[in-house]
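**Student:** Line by line, the protein sequences are chains A and B. Everything in the first sequence is counted per UniProt numbering, starting at 1 for the first residue and increasing by one. Everything in the second sequence is counted per UniProt numbering, starting at 1 for the first residue and increasing by one. Glycine is no exception: its CB is placed at the ideal position from the N, C-alpha and C atoms. As the structure is a computational prediction, the values presented were derived from the model and not from experiment. Pasting in a structure now, in structure tokens, and then I'll have a few things to ask.
Protein chains: 2
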Amino acid sequence: MNGSKHSFIRMKHDYAALKVKQDRLMDAIHNGCKFGASHRYGDDPTETGMARMSLDDSDKQIRDWFKSSVESIGCVHSVDQMGNQFALRPGKNKQAYPVMMGSHLDTQPTGGRYDGILGVNAGLEALRVLHEHDVETEGTIGLVNWTNEEGARFPMMAVASGVWAEAVPLETAWNLSEVSVSNDGTKKTMKQELERIGYLGQQKASYKEFPFAAYFELHIEQGPILEMEQRKIGVVEGVQAFKWFEITVRGRDTHAGTTPMYARMDSMLCAAKLIVEANKIAKGYDGLATTGILNMQPGSINTMAHTVTFTLDIRHKIDEKLSQIEKECRSRFQEIAANESEKGCSLEWKELVDSPAVKFHEDCIAAVRDSAIEVCEDLPKSASDGQLWKLMISGAGHDACYTNRRCPTSMIFTVTKDGISHNPREYCSPEDCELGAQTLLGAVLRYDKLRAERGEL
Amino acid sequence: MNGSKHSFIRMKHDYAALKVKQDRLMDAIHNGCKFGASHRYGDDPTETGMARMSLDDSDKQIRDWFKSSVESIGCVHSVDQMGNQFALRPGKNKQAYPVMMGSHLDTQPTGGRYDGILGVNAGLEALRVLHEHDVETEGTIGLVNWTNEEGARFPMMAVASGVWAEAVPLETAWNLSEVSVSNDGTKKTMKQELERIGYLGQQKASYKEFPFAAYFELHIEQGPILEMEQRKIGVVEGVQAFKWFEITVRGRDTHAGTTPMYARMDSMLCAAKLIVEANKIAKGYDGLATTGILNMQPGSINTMAHTVTFTLDIRHKIDEKLSQIEKECRSRFQEIAANESEKGCSLEWKELVDSPAVKFHEDCIAAVRDSAIEVCEDLPKSASDGQLWKLMISGAGHDACYTNRRCPTSMIFTVTKDGISHNPREYCSPEDCELGAQTLLGAVLRYDKLRAERGEL
């Protein structure tokens, strides 16, 4: 995306009166969070985290609320075979594909009140603004609540948008078993739970059955960049590439007191060196490296581990750079295990995930950028360079990665306090929620206008 | 211990005829290992490891075997309140305290056939040799089987010799609960299990009630030094100092994809740097550092751990050097956590064990050394310097550490294949078992003679 290549769409006169309401937005967020609230950390009613696992009873409650909320403002509600909920607000042209907003209402087991939830509620607020101003858009505008985005209960992230995009087979998704056993001692599948809570829809879960003209997703940044740079809105150009590996280091379990250093095959010490090295290599390429899981056997204070298994998550904006990070890690790891670990350890790499970089659509990015510029125009210029919006690459995956395969897509990021997410203390201020929702509304209206001007309706 | 200070006791004419029998020794070891054999790794009947947990049914069986074996050669058997089994073979002077041999018959859950087992069986073989040659020793010679040396079932290592030495209170030992639940779903205490298997003796568990004149323990080295240097017998001068710590690293759990390197408080990366550093520091002092346990929370591939807890086992022959290793680790760890871990992590140290260096008694060391010299005399000179015995410091703790508090003590080490111990494949060849047992017998007879010559009887 190069801003200079595209027309700078300014239609402030059209959208100036269409303002999202902060109070209504925040009320909707926090009222909805009554379903699944958990992990209280303060006295205020809103000072809890969330544990709304996909397709559990609290997820049914928030789904019922979603349905009644969108129907109360005249939207047409439907549910597909994956439980994805769609709300459509018809425009002047009722045949054209809808411009969609959306995100998800499920959370992590120790999640917060904004990840996903802000995106759906901002879309609902945008629809409410259109409704109360009786705006007739050029084409239909809609909102989607995707099922099981977190992949926390059924272990496949963004699985339901994946089925919609025909990137994940329906049966694969339906047969996913939950991670932990239910109260009755069994593990339920997605299909069983969709049926149980009444959200196994008839509508085929496919972009062919329910095509989008475009998709816009508002989300908290989940990182510290906007906050640290004192900016307000992230205009998301794409999602960085990432790869997940499970690396097994094999040494020998010998006694911590009787084995001289030179005679050791200390798999934990070797793994520690590899983790430090991966970090150094990734930093050298301006990429990321993280070890989130490490297990060791046998696990006794005075016995070296014979086996250490750890995960390595490496990321970079550019696919080629990620490949270089991986290549360098593989080469250096081999050297460290063979030559820098006393009597040596052996290594095994297993690739778990390979997710290439995603590039969002330039028209959607432009719509978000232009909306962000307008929204930020009258705010105090807190950033050192005075620019309150920033072109960003998402560090995390989102449903937008799958929609991007089937329709023009972009995302909007809001400030996330201390960059903390997937945590009960996750926080985005009411002001920032409002700015995000306003940017979302502006982007959707701009895109709607654009397609009309282009004669696509 | 300085060899030149002590008389070089040579009494080959006395002991030459007293030869341990390799076949009888190995038969005793492997017949006894039928009780608790586990973890088969080869076709030969002896190619299994052991899982004879202290005071379990197989431990009762081997204890019954111990009792009948020593009684069959005319020894007096007794059991104390900790289930320690004592066998005495009276000498010319029946009033003097006995010179004791001993070790333990319990094993690790994935243990081998030699750790502890060799020491008890070598003592039994020594008693058999005295018995069959009808030798009248100067004073009484005895053998002890200590309870729960491993600390694997009841989590306190060498607890029963600790009670004997009055270093551990009897009630503390009795009330120790087993690590895992029993078949009936409860956790038994040592006292309950002593009662259940019929080994809760009446005899007070105390060195005051049952004093030793001296104590000699034969044990596999459990390390690779003798094997690598192609020597045969370790003459053990003492046990190195060690300290155990549990170190907690606290950072922040943030998203692996959305958190830039500079904004991280990655507790796993910090812990990895600390483990590498501890190893470097210990190496610099010619000491040891090992991390045998590491746990991290929350444990998700794409989330940094907020907390990592790991154990640090540091060892050195000299107490002062160990203190220096600890001091340097504390100082460097602080620097790494505060200044070399991006936004920084916090550290907490918890000391679990502080075991100062143990120095065995010079008379016992001399007896072992002189016996080893004699035993090695006619063997092929495999070591590069031709010396088949070596003065050594034990890397691991043993019951001998506690006896050393109450009577002159030393130990004898035998070659351990590949230095592997606490493992089903632990191995000491029949030839090396024989050399060890012969050295034990010679050491005991030398010490017995010495005390007579000194007029201590």
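State the CB to CB distance for the pair Thr303/A and Pro224/B, rounded to an integer number of angstroms; the pair is presumed to be in contact (CB under 8 Å).
**Tutor:** Incorrect: roughly 15 Å between the Cβ atoms, too far for contact.
**Student:** Check whether the Cβ of Asn404/B lies closer than 7 Å to any Cβ atom in chain A.
**Tutor:** no
**Student:** Can you give the beta carbon distance from Ser102/A to Glu217/A, rounded, assuming they're within the 8 Å contact cut?
**Tutor:** The amino acid occupying residue 102/A in the given sequence is Gly; Ser does not appear at that position. The pair is a contact, with the Cβ atoms about 6 Å apart (cut-off 8 Å).
**Student:** Cutting at 6 Å between CB atoms, please list the residues of its own chain near residue 463/A, excluding the five before and the five after it.
**Tutor:** With chain A covering 1 to 457 only, the question about residue 463/A has no answer from this structure.
**Student:** Mind checking the region 363–394 of chain A against chain B and listing, in chain order, the residues whose C-beta falls within less than 8 Å of any C-beta there?
**Tutor:** Going along the region 363–394 of chain A in chain order, one finds Ser394 with a Cβ nearer than 8 Å to chain B.
**Student:** Starting from Asp399/B, follow the alpha helix (DSSP H) in both directions and report where the run begins and ends.
**Tutor:** Asp399 to Thr403
**Student:** Can you tell me the Cβ-Cβ gap for Tyr215/A and Thr409/A, rounded? I've got them flagged as a contact below 8 Å.
**Tutor:** 5 Å
**Student:** Grab me the residues of Gly238/A's own chain with a C-beta within less than 8 Å of its C-beta, minus the 5 sequence neighbours each way, in chain order.
**Tutor:** Lys317, Ala357, Val358, Lys359, Phe360, Ile393 and Ser394
**Student:** Grouping DSSP H, G and I as helix and E and B as strand, with all else coil, what is Thr439/B?
**Tutor:** Of the three classes helix, strand and coil, the one that applies to Thr439/B here is helix, per DSSP.
**Student:** Using CA atoms only, rank isn't needed, just tell me which of Ala271/A, Cys401/A and Gly442/A is closest to Gly344/A.
**Tutor:** Ala271/A
**Student:** Apply the 10 Å Cβ neighbour rule to Asp286/B and answer buried if 16 or more other Cβ atoms are within range, or exposed otherwise.
**Tutor:** Counting of Cβ neighbours within 10 angstroms places Asp286/B among the exposed residues, the total staying below 16.
**Student:** Residue range of the beta strand (DSSP E) that Gln297/A falls in?
**Tutor:** Leu294 to Gln297
**Student:** Can you list the residues of chain B that Asp266/A reaches, using a CB-CB cut of under 9 Å?
**Tutor:** By Cβ distance, chain B contributes Asn279, Thr290 and Thr291.
**Student:** Here's a check: name, in chain order, each residue in its chain whose Cβ is nearer than 7 Å to the Cβ of residue 466/B, leaving out the five neighbours to either side.
**Tutor:** As displayed, chain B neither begins before 1 nor continues past 457, which places residue 466/B out of reach and without an answer.
**Student:** Are the beta-carbon atoms belonging to Trp164/A and Tyr207/A less than 7 Å from one another?
**Tutor:** yes
**Student:** Applying a beta-carbon distance threshold of less than 7 Å, which residues of chain A neighbour Lys190/B?
**Tutor:** A quick correction: the sequence has Met, not Lys, at residue 190/B. None at all; the shortest Cβ gap to chain A is about 20 Å.
**Student:** Counting only Cβ pairs nearer than 7 Å, list the residues of chain B close to Glu221/A.
**Tutor:** The answer, in chain order, is Thr258.
**Student:** From Gln230/A to Pro211/A, what does the alpha carbon distance come to, in whole angstroms?
**Tutor:** 37 Å
**Student:** So, is Tyr199/A buried or exposed, given that buried needs 16 or more other C-beta atoms within 10 angstroms?
**Tutor:** buried
**Student:** Three or more C-beta pairs closer than 8 Å, one from the region 420–439 of chain B and one from the region 114–123 of chain B: is that the case here?
**Tutor:** yes
**Student:** Express the C-alpha separation of His131/B and Gly74/B in angstroms, rounding to a whole number.
**Tutor:** 8 Å
**Student:** Using a threshold of 7 Å, state whether the C-beta atoms of Gly251/A and Met261/A are closer than that.
**Tutor:** no
**Student:** State buried or exposed for Leu352/B, treating a residue as buried only when at least 16 other CB atoms are found within 10 Å of its CB.
**Tutor:** exposed
**Student:** Output needed for Val375/A: all residues of its chain with C-beta closer than 7 Å, excluding positions within five of it in sequence on either side, in chain order.
**Tutor:** Cβ within range, chain order: Ile233, Leu435, Gln438, Thr439 and Gly442.
**Student:** Would you verify that the beta carbon of Trp244/B is, or is not, closer than 7 Å to some beta carbon of chain A?
**Tutor:** yes
**Student:** Rounded to whole angstroms, what's the CA-CA distance from Glu138/A to Val179/A? Just pull it up for me.
**Tutor:** 44 Å
**Student:** Within the 7 Å Cβ cut-off, does Ala205/A reach chain B?
**Tutor:** no
**Student:** Which whole-angstrom value is the C-beta distance of Met411/B and His422/B, which I expect to be below 8 Å?
**Tutor:** Contact flag wrong, Cβ pair sits at about 18 Å.
**Student:** Any beta-carbon of chain B closer than 7 Å to the one on Ile301/A?
**Tutor:** yes
**Student:** Out of curiosity, what's the CA-to-CA distance linking Arg10/B and Leu457/B?
**Tutor:** Note that Arg10/B has pLDDT 39, beneath the 50 cutoff, so the model's placement of it is unreliable and the number below is only indicative. Going from the Cα of Arg10/B to the Cα of Leu457/B covers about 21 Å.
**Student:** With a CB to CB cut of under 8 Å and the five nearest residues on each side skipped, what residues in its chain are close to Ile29/B?
**Tutor:** Arg113, Tyr114, Ile117, Leu118, Asn121 and Cys433
**Student:** Quick one: Cα of Thr309/B to Cα of Tyr447/B, how far?
**Tutor:** When rounded, the distance between both Cα atoms is 48 Å.
**Student:** Going along the chain, which residues of its own chain have a beta-carbon closer than 8 Å to the beta-carbon of Met157/A, five neighbours each way excluded?
**Tutor:** Glu149, Glu150, Gly151 and Gly397
**Student:** With 7 Å as the threshold, decide whether the Cβ of Met296/A is near any Cβ in chain B.
**Tutor:** yes
**Student:** Out of His219/B, Lys243/B, Glu320/B and Asp363/B, which has the shortest C-alpha to C-alpha gap to Thr290/B?
**Tutor:** Lys243/B
**Student:** Taking C-beta to C-beta, are Leu170/A and Phe154/A nearer than 7 Å?
**Tutor:** no
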